[in-house]
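First up is the structure itself, then whatever we jot down about it.
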Amino acid sequence: MDPLDALTEIAYLLERERSSRYKSKAFRTAAAAIEGLSDAQLRDPGLRRRPGIGDSTFAVIQQALAGEVPERLAALRAENAPVGGGELRARLRGDLHSHSDWSDGTTPIDAMVDAARRLGHEYLALTDHSPRLTVANGLSSERLRAQMEIVRGHRGDGFTLLTGIEVDILDDGDLDQQDDLLRALDVVVASAHSKLRMERRAMTMRLVAAARDPRVDVLGHVTGRLVEGARGTRPPSEFDAEAVFAACAASGVAVEINSRPERQDPPDDLLAQAVAAGCLFSIDSDAHAPGQLSLLDHGAARAEALGVPTERIVTTWPLPRLREWLDRER
Numbered sequence: 001m002d003p004l005d006a007l008t009e010i011a012y013l014l015e016r017e018r019s020s021r022y023k024s025k026a027f028r029t030a031a032a033a034i035e036g037l038s039d040a041q042l043r044d045p046g047l048r049r050r051p052g053i054g055d056s057t058f059a060v061i062q063q064a065l066a067g068e069v070p071e072r073l074a075a076l077r078a079e080n081a082p083v084g085g086g087e088l089r090a091r092l093r094g095d096l097h098s099h100s101d102w103s104d105g106t107t108p109i110d111a112m113v114d115a116a117r118r119l120g121h122e123y124l125a126l127t128d129h130s131p132r133l134t135v136a137n138g139l140s141s142e143r144l145r146a147q148m149e150i151v152r153g154h155r156g157d158g159f160t161l162l163t164g165i166e167v168d169i170l171d172d173g174d175l176d177q178q179d180d181l182l183r184a185l186d187v188v189v190a191s192a193h194s195k196l197r198m199e200r201r202a203m204t205m206r207l208v209a210a211a212r213d214p215r216v217d218v219l220g221h222v223t224g225r226l227v228e229g230a231r232g233t234r235p236p237s238e239f240d241a242e243a244v245f246a247a248c249a250a251s252g253v254a255v256e257i258n259s260r261p262e263r264q265d266p267p268d269d270l271l272a273q274a275v276a277a278g279c280l281f282s283i284d285s286d287a288h289a290p291g292q293l294s295l296l297d298h299g300a301a302r303a304e305a306l307g308v309p310t311e312r313i314v315t316t317w318p319l320p321r322l323r324e325w326l327d328r329e330r
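For the sequence shown, the positions run 1 to 330 when our numbering is used.
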């Protein structure tokens, strides 16, 4: 197989399984290092001395040139088979929650766009973090304005990159970005990232305020829980789910079904409660690398198993209908 394709797919699959970003970066760096080289140049033993090529990546290149599926790639393919989601996964047209290296993602915007196109997405919202989340290199208003201009250039050939933000919900329920910018964006995902153990009544008021905010489109990973993974586990925030989901339903705000396996947010019982409340939903990847865009199969499998009505999942809608909802007056 083509060595460049092999290196890129390995990076993609390492990202999907949320391996160390340094592992996937090593294979993406190697792919960039060999781009444009002839087979003769790739077979040259001196290739190993080229910057960006290590022992592991050199072995992949040589195995691919020999007409083999590289051992590392074969193993990753076996480990990363799709988990399901069936008919619902096939009906997903896009993703409203993703990150680039402008905040805490691992790759440039172009790499995220290329991966979304390969998945057959009709649209993708770029939702890097807001200023207060300094640990994630949140975007100042100036940086966000600059990014919006770049994002608007990625439209055409059946694909649209939407401007967006994952905006922090502040302690009082306000949003962590300038009002004019939030109103100018295509998609606003509002999420709580701090004080997740806030007292139940205060957390309820915080989330209800966000759900009622006319600038918000999606309420992201609503409980903030972690159930597995390198970051360890974290219990869900405590709040009155009936009040929060009622506010979402009344405002037309979508409850995010976060597809990251370490989140599985909302939990099954709250997801069923949101369905009963009449909420809209957005199945999102919360991708921080190109390979993580494919995690939508996890969210689709959960939604399908719990009977979430397909017609209420906004990421199954074609772009014109999605835009009507995003531009709604509330």
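Ideal Cβ positions, reconstructed from N, Cα and C, are used throughout, including at glycine.
Cβ neighbour criterion (16 or more within 10 Å) applied to THR134: As a position in the sequence shown, residue 134 is number 134, starting the count at 1. Burial call: exposed.
Candidates PRO45, GLN62 and SER20: closest to LEU7 by CA position: By one-based count along the sequence shown, residue 7 stands at place 7. The residue with the shortest Cα to Cα distance from LEU7 is GLN62.
Nearest CA to the CA of PHE281: which residue from ASP269, ALA287, GLN273 and THR315? In the sequence shown, residue 281 corresponds to position 281, counting from 1. Minimum Cα distance to PHE281 is reached at THR315.
Here's the rule I'm using: 16 or more other beta-carbon atoms within 10 Å means buried, otherwise exposed. How should ALA115 be labelled? As a working mapping, residue 115 is identified with position 115 in the sequence shown. Answer is buried; the Cβ neighbour count reaches 16.
Exposed unless 16 or more other CB atoms sit within 10 angstroms - verdict on PRO290: As a working mapping, residue 290 is identified with position 290 in the sequence shown. Buried, because 16 or more other Cβ atoms sit within 10 Å of the Cβ of PRO290.
Those residues which DSSP pairs with ALA254 across a bridge: Stepping through the sequence shown from its first residue, residue 254 is reached at position 254. DSSP, once it has assigned bridges, lists VAL218 and LEU280 as partnering ALA254.
In angstroms with no decimal places, state the Cα-to-Cα distance between GLY232 and PRO261. As a first step, residue 232 is located in the sequence shown; it is residue number 232 there, counting from the start. As a first step, residue 261 is located in the sequence shown; it is residue number 261 there, counting from the start. Taking the straight line joining both Cα atoms gives about 12 Å.
Give the DSSP-derived three-state secondary structure of GLU311 in the structure shown. On the sequence shown, residue 311 is found 311 positions in, with the first residue counted as 1. It is helical.
So HIS97 packs on GLU256, CB below 8 Å; how close in whole Å? Within the sequence shown, numbered from 1, the residue matching residue 97 stands at position 97. Within the sequence shown, numbered from 1, the residue matching residue 256 stands at position 256. Contact flag correct, Cβ pair sits at about 7 Å.
Helix, strand or coil, according to DSSP, for THR106 in the structure here? Position 106 of the sequence shown, counted from the start, is the residue given in the question as residue 106. Coil at THR106, not helix or strand.
Name the DSSP bridge partner or partners of GLU166? Taking the sequence shown and counting its residues from 1, one reaches residue 166 at position 166. Its beta-bridge partners are HIS129 and VAL189.
To which residues of the same chain is HIS129 closer than 6 Å at the C-beta, ignoring the five residues directly before and after it? Reading the sequence shown from its first residue, position 129 is the one you call residue 129. So the list reads SER103, ALA136, GLY138 and GLU166, once near-sequence residues are dropped.
For THR160: DSSP bridge partner residues: Your numbering for residue 160 matches position 160 in the sequence shown. According to DSSP, which records beta bridges pairwise, THR160 is partnered with TYR123 and ARG155.
Taking ALA66 as the reference, give the member of ALA31, PRO3 and SER56 with the closest Cα. Within the sequence shown, residue 66 is the residue found at index 66, counting from 1. Of the listed residues, the one whose Cα sits closest to ALA66 is PRO3.
Supposed contact pair ILE10 and LEU73 - C-beta distance, whole angstroms, cut 8 Å: Here residue 73 corresponds to residue number 73 of the sequence shown, with the count starting at 1. Here residue 10 corresponds to residue number 10 of the sequence shown, with the count starting at 1. Contact flag correct, Cβ pair sits at about 5 Å.
So, MET112 versus VAL69, is the Cβ gap smaller than 8 Å? Here residue 112 refers to the residue found at position 112 of the sequence shown. Here residue 69 refers to the residue found at position 69 of the sequence shown. No, the Cβ-Cβ distance between MET112 and VAL69 is not below 8 Å.
Own chain partners of ALA32 with C-beta closer than 8 Å, once the 5 adjacent residues on each side are dropped: Along the sequence shown, read from residue 1 onward, the residue named residue 32 stands at position 32. So the qualifying residues of the chain are GLY52.
Residue from ALA243, GLY158 and CYS248 with nearest C-alpha to PRO214: Translated into the one-based positions of the sequence shown, residue 214 becomes position 214. Minimum Cα distance to PRO214 is reached at CYS248.
Spatial distance of GLY299 from ILE313 (CA atoms): Stepping through the sequence shown from its first residue, residue 299 is reached at position 299. Stepping through the sequence shown from its first residue, residue 313 is reached at position 313. Whole-angstrom Cα-Cα distance: 11 Å.
List in chain order: all unbroken alpha helix (DSSP H) runs of 4+ residues lying wholly within the stretch 26-77. 39-43 and 55-65
For LEU296 and THR107, the rounded distance between their alpha carbons: As a first step, residue 107 must be located in the sequence shown, where it is residue number 107. As a first step, residue 296 must be located in the sequence shown, where it is residue number 296. The straight-line gap from Cα to Cα measures roughly 19 Å.
My guess is that ASP95 and LEU293 are in contact by the Cβ rule of under 8 Å, so how many angstroms apart are they, rounded? As a working note, residue 95 is residue 95 in the sequence shown. As a working note, residue 293 is residue 293 in the sequence shown. Going by Cβ atoms, the distance from ASP95 to LEU293 rounds to 6 Å, so yes, they are a contact pair.
Taking the alpha carbon of LEU170 as the point to measure from, which residue in LEU185, ARG183, LEU196 and ARG145 has its own alpha carbon closest? Residue numbering aside, residue 170 sits at position 170 when the sequence shown is read from its first letter. For LEU170, the nearest C-alpha among the options comes from LEU196.
Is the beta carbon of LEU181 less than 8 Å from the beta carbon of LEU144? Within the sequence shown, residue 181 is the residue found at index 181, counting from 1. Within the sequence shown, residue 144 is the residue found at index 144, counting from 1. Contact: yes.
Please report the straight-line C-alpha distance between LEU270 and PRO82, rounded to a whole angstrom. Numbered from 1 along the sequence shown, position 270 holds the residue referred to as residue 270. Numbered from 1 along the sequence shown, position 82 holds the residue referred to as residue 82. For LEU270 and PRO82, the distance between alpha carbons rounds to 25 Å.
For ALA287, three-class secondary structure by DSSP: Numbered from its first residue, the sequence shown carries residue 287 at position 287. ALA287: strand per DSSP, three-state reduction.
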